[in-house]
Amino acid sequence: MSEAAVATVRRDTEQGQAVAELRRTMVDRQLRPFDVTDVPLLERFLDVPRELFLPASQGPLAYSDLAITVKGAGGHKRTLLPPLVLARLLQGGAPRPGEKALDIGGAGYSAALLSSLVGDVVALESDPELAARAKEGLAAIGAKDVRVETGPLEKGFAAAAPYDVIYVQGAVEAGLDALFAQLAPNGRLLTIVTPETGAGQHVVRYERQGGQAAGRVSLLSANATVLEGFAKPQAFSF
Numbered sequence: 001m002s003e004a005a006v007a008t009v010r011r012d013t014e015q016g017q018a019v020a021e022l023r024r025t026m027v028d029r030q031l032r033p034f035d036v037t038d039v040p041l042l043e044r045f046l047d048v049p050r051e052l053f054l055p056a057s058q059g060p061l062a063y064s065d066l067a068i069t070v071k072g073a074g075g076h077k078r079t080l081l082p083p084l085v086l087a088r089l090l091q092g093g094a095p096r097p098g099e100k101a102l103d104i105g106g107a108g109y110s111a112a113l114l115s116s117l118v119g120d121v122v123a124l125e126s127d128p129e130l131a132a133r134a135k136e137g138l139a140a141i142g143a144k145d146v147r148v149e150t151g152p153l154e155k156g157f158a159a160a161a162p163y164d165v166i167y168v169q170g171a172v173e174a175g176l177d178a179l180f181a182q183l184a185p186n187g188r189l190l191t192i193v194t195p196e197t198g199a200g201q202h203v204v205r206y207e208r209q210g211g212q213a214a215g216r217v218s219l220l221s222a223n224a225t226v227l228e229g230f231a232k233p234q235a236f237s238f
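According to our numbering, the residues represented by the sequence shown are 1 to 238, in order.
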């Protein structure tokens, strides 16, 4: 191996170690102190490079504690949840080996975290550019148990239903009925609910019981952008 090649390998190794240390710092300072206790989930946060699911220009923001807005085709925007909120959302669904999960609007990163925690994951994106980036990131980490589909987020992906757990990666004001219908018996749906007053958003878990969504449990307060397709219809006044 030439000296130039050796130098390149050394540089790449050092960069990889530095990024791995950033992930560990994120876990130790943002997640562990705030009741993220699921060990397999924490290990996924340590292992999965978040920057693979962001444009290169936003890579330096990957392990900050902020929400990150990324652009898709035609100026379409998607806001990724802060790591702490995402971790509590995923943990709240209690994902288990052998289960099937539907991950909506997570840009591939949350689906990558779920990979190996459950049996199969369907990642749904409405934007083709975001879907393509998700596929690239998932391929880079060898997540063969995740399939990426494209379609309206609020409609879910009925072709692969029922799901044991569904994650909606953003705030919702309305539009969950189609997703509730795709839950398996005793299935869970996790999202961030915006009350009618517009204030006081919470991460919420629903469970399907007796053919209906019930057992609503509030897990923590959180702020998030309303996800495309889940805004409350505008009321008209005359």
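By construction, the Cβ of each residue, glycine as well, lies at the ideal position given by its N, Cα and C atoms.
Give the secondary structure of residue i by DSSP, where H, G and I count as helix, E and B as strand, and everything else as coil.
| i | result |
| --- | --- |
| PRO49 | coil |
| LYS135 | helix |
| ALA123 | strand |
| THR225 | coil |
| ALA4 | Low confidence applies here, because ALA4 scores a pLDDT of 35, under 50, leaving its location unreliable; read the following figure in that light. It is helical. |
| THR25 | helix |
| LEU81 | coil |
| LYS155 | helix |
| VAL208 | Residue identity check: residue 208 is Arg in the sequence provided, not Val. The answer is strand: DSSP assigns ARG208 an E or B state. |
| PRO233 | coil |
Quick check: what's the CA-CA separation for residue i versus residue j?
| i | j | result |
| --- | --- | --- |
| LEU153 | GLY229 | 6 Å |
| GLU121 | GLY200 | The residue you asked about is not Glu; residue 121 is Val in the sequence shown. Approximately 30 Å, taken between the alpha carbons. |
| LEU46 | VAL165 | 23 Å |
| VAL193 | GLU99 | 24 Å |
| GLY119 | LYS232 | 33 Å |
| GLY108 | ALA214 | 28 Å |
| LYS135 | ARG216 | 33 Å |
| GLY211 | SER115 | 28 Å |
| ALA20 | PRO83 | 15 Å |
| GLY137 | ALA143 | 9 Å |
| TYR63 | HIS76 | 23 Å |
| GLU173 | LEU189 | 15 Å |
| VAL35 | PRO128 | Reading off the sequence, residue 35 comes out as Asp, not Val. So the alpha carbons of these two residues sit roughly 35 Å apart. |
Could you check how far apart the C-beta atoms of residue i and residue j are, in whole angstroms? I think they sit under 8 Å.
| i | j | result |
| --- | --- | --- |
| LEU227 | GLY187 | That pair is no contact at about 20 Å. |
| PHE157 | LEU117 | That pair is no contact at about 19 Å. |
| LEU219 | GLY92 | 5 Å |
| VAL148 | ALA131 | 5 Å |
Please state whether the Cβ-Cβ distance between residue i and residue j is less than 8 Å.
| i | j | result |
| --- | --- | --- |
| LEU113 | LEU90 | yes |
| GLY151 | LEU179 | no |
| GLY105 | VAL204 | no |
| LEU52 | ILE141 | yes |
| LEU41 | ALA111 | no |
| ALA184 | VAL85 | no |
| GLN182 | TYR163 | yes |
Could you give the residue range of the alpha helix (DSSP H) that holds residue i?
| i | result |
| --- | --- |
| SER218 | No alpha helix (DSSP H) holds SER218; the beta strand (DSSP E) holding it covers 212-221. |
| TYR109 | 109-114 |
| ARG32 | Looking at the DSSP string, ARG32 is not in any alpha helix (DSSP H), and its letter there is neither H nor E. |
Taking the beta strand (DSSP E) that residue i falls in, what are its first and last residues?
| i | result |
| --- | --- |
| ASP177 | First-last for ASP177: 177-180, but that is the alpha helix (DSSP H), not the beta strand (DSSP E). |
| ALA171 | 163-172 |
| VAL239 | Given that the chain is displayed from residue 1 to residue 238, the structure contains no residue 239 and the question cannot be resolved. |
| ALA101 | 100-104 |
| VAL118 | Taken as a continuous stretch (DSSP letters only), VAL118 belongs to no beta strand (DSSP E), as it is neither H nor E. |
| GLN201 | No beta strand (DSSP E) contains GLN201, which DSSP labels as neither H nor E. |
| THR68 | Correcting the residue type first, residue 68 is Ile in the shown sequence and not Thr. Start and end: 68-71. |
| ARG147 | 146-150 |
Report yes if the C-beta of residue i is less than 7 Å from at least one heavy atom of the ligand NAD; otherwise report no.
| i | result |
| --- | --- |
| LEU46 | Ligands in the displayed structure: none, and consequently the ligand NAD is not present. |
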